[in-house]
Amino acid sequence: MITRAITNGVNPIKTALVKFTIGALALGSLTLGTLTLAAPININTADLPTIMENLVDVGPVKAGAIVEYREQNGPFKVAEDLLSVKGIGAKTLEKNRNNLLFLEVEEVAIPVENTK
0 MITRAITNGV NPIKTALVKF TIGALALGSL TLGTLTLAAP ININTADLPT
50 IMENLVDVGP VKAGAIVEYR EQNGPFKVAE DLLSVKGIGA KTLEKNRNNL
100 LFLEVEEVAI PVENTK
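Residue 55 in numbering that gives the first Met the number 0 sits at position 56 of the sequence shown, with consecutive numbering throughout.
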């Protein structure tokens, strides 16, 4: 069995272990383990489908609760803020901690030049 550590190449945000077994080389068989690497998402701007696709054990109900909580209470500052969302407990938070970014997006007014 060969084991390799894989990182996302930018920051040590997420590290996964890939294990695969090289089977009968004469027959050319190769068995690979399953690897899923999700890019971190900005939980303060992610829409419902993005949250569901990128967070572990978060389906439509929990994703909807995250979006609703954010809309009513403002942006999340730290991971622990998600514990205030109905349906998000410590286990779900820990499974997803490394996939979360907490960036605030400021609305900026862009002046339009008067062309008259």
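Note that CB positions come from ideal geometry on N, CA and C, so glycine has one too.
Computed from a predicted structure; not experimentally measured.
Here I109 is exposed: its Cβ has fewer than 16 other Cβ atoms, across all protein chains shown, within 10 Å.
The Cβ atoms of P74 and N95 lie no closer than 8 Å to each other. Cβ atoms of I87 and K61 come within 8 Å of each other, at about 6 Å.
For the options L99, M51 and V104, the alpha carbon positioned closest to that of V77 is the one of L99. Counting the other Cβ atoms within 10 Å of the Cβ of V84 gives 16 or more, which makes it buried. By the C-beta density criterion, L82 is exposed, having fewer than 16 other C-beta atoms within 10 angstroms. Considering only R69, A64, K90 and E93, the residue with the shortest C-alpha distance to E103 is R69.
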